[in-house]
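Reading through the structure tokens given below for one structure.
There are 2 protein chains.
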Amino acid sequence: MRLAELSERSGVPTATIKYYLREGLLQPGRRVSATQSEYGEDHLRRLRLARALIQIGKVPVATAREVISAAEDESLDHHERLGAATLALPLGPGPAGDDPAADAARRSVTELLRRLGWPCECGPDELSPAHRTLIAAVAAIVRLGYPCDVEQLLPYGRLAERLAVSDLDLVEREETRAGQIEAAVVLTVLYEPVLLSLRRLAHAEESARRFL
Amino acid sequence: MRLAELSERSGVPTATIKYYLREGLLQPGRRVSATQSEYGEDHLRRLRLARALIQIGKVPVATAREVISAAEDESLDHHERLGAATLALPLGPGPAGDDPAADAARRSVTELLRRLGWPCECGPDELSPAHRTLIAAVAAIVRLGYPCDVEQLLPYGRLAERLAVSDLDLVEREETRAGQIEAAVVLTVLYEPVLLSLRRLAHAEESARRFL
DNA sequence: CATGCTTGGATAGTGACACTACCTAACAAG
DNA sequence: CTTGTTAGGTAGTGTCACTATCCAAGCATG
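These protein sequence lines are chains Z and E, in that order. Quick note: the first sequence uses the numbering used here, first residue 996, plus one each step. Quick note: the second sequence uses the numbering used here, first residue 996, plus one each step.
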């Protein structure tokens, strides 16, 4: 198919597709002549994936490229590819270096992971983005004077554990390894707004129940 | 205290504080002379809150202003203030109008809310931001060919329900109504990165358990 | 009281980001 | 042959959250 049809079927404007091509998010099509390229179903599928990551998952364009290309990198083993696909992802600002709230947060999180039995074999300088984001968020909450110690966090951790189990079940349903990687990315990123929206709706619901 | 001290104690650069003042995120201080104003502990507290919402919670500056001022609006009743504080918040793009995936998503979500027993008394044109975000995310997932029907979503919904209960318990621990509003905002917004980070860490953990 | 630093207030500029518009030469289709 | 489309490139747009610079009016210090 031509650019125009790719645009039609994906709902993405042609100018934007060109932009994605420039950014390496999409492979160039098969050149048919000096002024035309042929795109296949693969392009359509990948375009839809990129679009969903960017628009729904709020993943920066550059990161989406990393994630998608890591997912296709045959030189990594399966677990690494699963990890690489999600490792590049979130990243709020890292925790501020030295204030007391940040220290407390670091200790709470370490203790939390121990209690949950998540090894997290890494020195304090090589934390995963998720780990650092967690510390920064806990520090911010503590700084505002709200409770955010291990007791508060544990239930959240246990819920996360259960989510992960059911998510990974879904990943394992995919037969191919490439399919599993993609499923992992989609689940990780696109279920986040689902989870947050449901939590907000539940807040509204529970608040109505209590205060109305 | 003066601007410099406010900056020192909050860790926010003076230029940024001035920007927040311009944007109405912070009340002006008490004018002491033509070139000096006095700020109090309230300013410091509110500045920290705004900063946390913006940096950790990724709330746009304009939205943070809405949220904070809604929280202080005495003309609303308590439930409304709780709602207003969170209603303005997220907002991915609304679901695309008419494609089959969006229709399926709309139906799934409606059915889901019914099964969860969340009333959501609203016509299809007046959905909450969370509701619309949810539909858009589900539509994106469906469009990529992944399962995202009621059976998939129900466990997520039940978890959200439990989170909401424990969150609202925390809110009710605050004695003052203003304190409750602020707690609701903080919990809603700042626990989101906590929840997402924990989920990602749990993914890594569970993935290591299965694929290593 | 002279000097130099700080402040509040205003205006303009920056850099990142995700597009979007426009242009051109080379085709393609009727 | 005319009309339209395409790839490819460059430049512009709008938003956002700051950030830098100026200025005149203090305040503080010797």
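We put the beta carbon where it would ideally sit given N, CA and C, even for glycine.
Exposure of Z:Thr1183, with buried meaning 16 or more beta-carbon neighbours within 10 Å: Z:Thr1183 should be labelled buried.
Please classify Z:Leu1207: is it buried, with 16 or more other beta-carbons within 10 angstroms of its beta-carbon, or exposed? Exposed is the call here.
Do Z:Gly1152 and E:Leu1193 have their beta-carbon atoms positioned less than 8 angstroms apart in this structure? Cβ atoms of E:Leu1193 and Z:Gly1152: closer than 8 angstroms.
If you drop the 5 nearest sequence neighbours on each side, which residues of the same chain put their C-beta closer than 6 angstroms to that of Z:Cys1143? Val1133, Ile1136 and Val1137.
Please confirm whether E:Val1160 and E:Ile1130 have their CB atoms less than 8 angstroms apart. Not in contact: E:Val1160 and E:Ile1130 (Cβ atoms no closer than 8 angstroms).
Exposure of E:Gly1112, with buried meaning 16 or more beta-carbon neighbours within 10 Å: With fewer than 16 other Cβ atoms from the protein chains shown falling within 10 Å of its own Cβ, E:Gly1112 counts as exposed.
Nearest residue (CA-CA) to E:Ala1203, options Z:Glu1075, Z:Ala1125, Z:Val1181 and Z:Arg1168: Measuring from the Cα of E:Ala1203, the nearest candidate turns out to be Z:Glu1075.
Please classify Z:Ser1002 as buried or exposed, where buried requires at least 16 other C-beta atoms within 10 Å of its C-beta. Its Cβ being crowded by 16 or more others within 10 Å, Z:Ser1002 is buried.
N- and C-terminal bounds of the beta strand (DSSP E) containing Z:Val1027: First-last of the beta strand (DSSP E) with Z:Val1027: Arg1025 to Ser1028.
Taking only runs that begin and end inside the segment 1045-1114 of chain E, name each unbroken alpha helix (DSSP H) of 4 or more residues, in chain order. Secondary structure in the segment 1045-1114 of chain E: the alpha helix (DSSP H) runs of 4 residues or longer, each lying completely within the stretch, are 1056-1067, 1073-1082 and 1095-1111 in chain order.
How long is the line joining the alpha carbons of E:Glu1069 and E:Glu1170, rounded to whole angstroms? Distance between the alpha carbons of E:Glu1069 and E:Glu1170: 17 angstroms.
Taking the alpha-carbon positions, what's the Z:Asp1037 to Z:Gly1078 distance? Between Z:Asp1037 and Z:Gly1078, the C-alpha separation is close to 23 angstroms.
Look up E:Glu1033 in the DSSP assignment and give the residues it is bridged to. The partner list for E:Glu1033 (beta bridge, DSSP) reads E:Arg1025.
If the cut is a Cβ gap below 9 angstroms, which residues of chain E does Z:Thr1183 touch? For Z:Thr1183, the C-beta contacts it makes with chain E under 9 angstroms involve Arg1194, Arg1195 and His1198, in order along the chain.
Touching or not, the segment 1011-1019 of chain E and the segment 1048-1063 of chain E, by the rule of three or more beta carbon pairs under 8 angstroms? The segment 1011-1019 of chain E is in contact with the segment 1048-1063 of chain E.
On the premise that Z:Leu1158 lies in contact with Z:Leu1107, defined as a C-beta separation below 8 angstroms, what is that separation, rounded to the nearest angstrom? Taking the Cβ atoms as the reference, Z:Leu1107 lies roughly 16 angstroms from Z:Leu1158, outside the contact range of under 8 angstroms.
Anything in chain Z within Cβ reach of E:Gly1024, meaning under 9 angstroms, just list it in chain order. Going along chain Z, no residue has its Cβ under 9 angstroms from E:Gly1024, so there is no contact; the nearest lies around 21 angstroms.
Is the CB-CB distance between E:Leu1196 and E:Ala1178 below 8 angstroms? It is not a contact, given that the beta carbons lie outside the stated cut-off.
Three-state secondary structure (DSSP) at E:Gly1006? DSSP, reduced to helix, strand and coil, places E:Gly1006 outside both helices and strands of the structure shown, so it counts as coil.
Under 7 angstroms by beta carbon: chain E residues contacting Z:Thr1212: Past the edges of chain Z, shown from 996 to 1207, lies residue 1212 of chain Z, and the structure says nothing about it.
Chain-ordered chain Z contacts of E:Thr1128 [CB-CB under 9 angstroms]: Chain order gives the chain Z residues near E:Thr1128 as Ile1051, Pro1188, Val1189, Leu1191, Ser1192 and Arg1195, where near means a beta carbon separation below 9 angstroms.
Going by Cα to Cα distance, which pick from Z:Leu1048, Z:Glu1033 and Z:Glu1146 is closest to Z:Val1181? Nearest C-alpha to Z:Val1181: Z:Leu1048.
Would Z:Glu1146 pass as an interface residue toward chain E - the criterion being a Cβ-Cβ separation below 8 angstroms? Judged by the 8 angstroms Cβ criterion, Z:Glu1146 is not in contact with chain E.
Helix, strand or coil: how does DSSP classify E:Gly1152 here? Helix, per DSSP.
Taking the alpha-carbon positions, what's the Z:Thr1009 to Z:Ala999 distance? Spanning the two alpha carbons is a distance of roughly 7 angstroms.
Selection of the segment 1145-1168 of chain Z by Cβ proximity to chain E, strictly under 9 angstroms: Identification of residues in the segment 1145-1168 of chain Z having a C-beta nearer than 9 angstroms to some C-beta of chain E yields Gln1147, Leu1148, Pro1150, Tyr1151, Gly1152, Leu1154, Ala1155, Glu1156, Arg1157, Leu1158, Ala1159, Val1160, Ser1161, Asp1162, Leu1163, Leu1165, Val1166, Glu1167 and Arg1168, given in sequence order.
E:Leu1039 and E:Arg1004 look like a contact to me (Cβ under 8 angstroms); what is the Cβ gap, rounded to whole Å? Contact holds; Cβ gap of about 6 angstroms.
Can you tell me whether E:Thr1030 is buried or exposed, with buried defined as 16 or more other CB within 10 angstroms of its CB? Label assigned to E:Thr1030: exposed.
So with Cβ pairs under 8 angstroms, would you call E:Ala1096 a contact of chain Z? Look at E:Ala1096: its C-beta is not under 8 angstroms from any C-beta on chain Z.
Have a look at Z:Thr1081, Z:Asp1162 and Z:Arg1205 and flag the residue whose alpha-carbon is nearest the alpha-carbon of E:Gln1175. The candidate whose alpha carbon is nearest that of E:Gln1175 is Z:Arg1205.
Taking Z:Leu1139 and E:Arg1172 to be in contact with their CB atoms under 8 angstroms, please state how far apart those CB atoms are, rounded to whole angstroms. Beta-carbon to beta-carbon, Z:Leu1139 and E:Arg1172 are separated by about 18 angstroms, too far to satisfy the 8 angstroms threshold.
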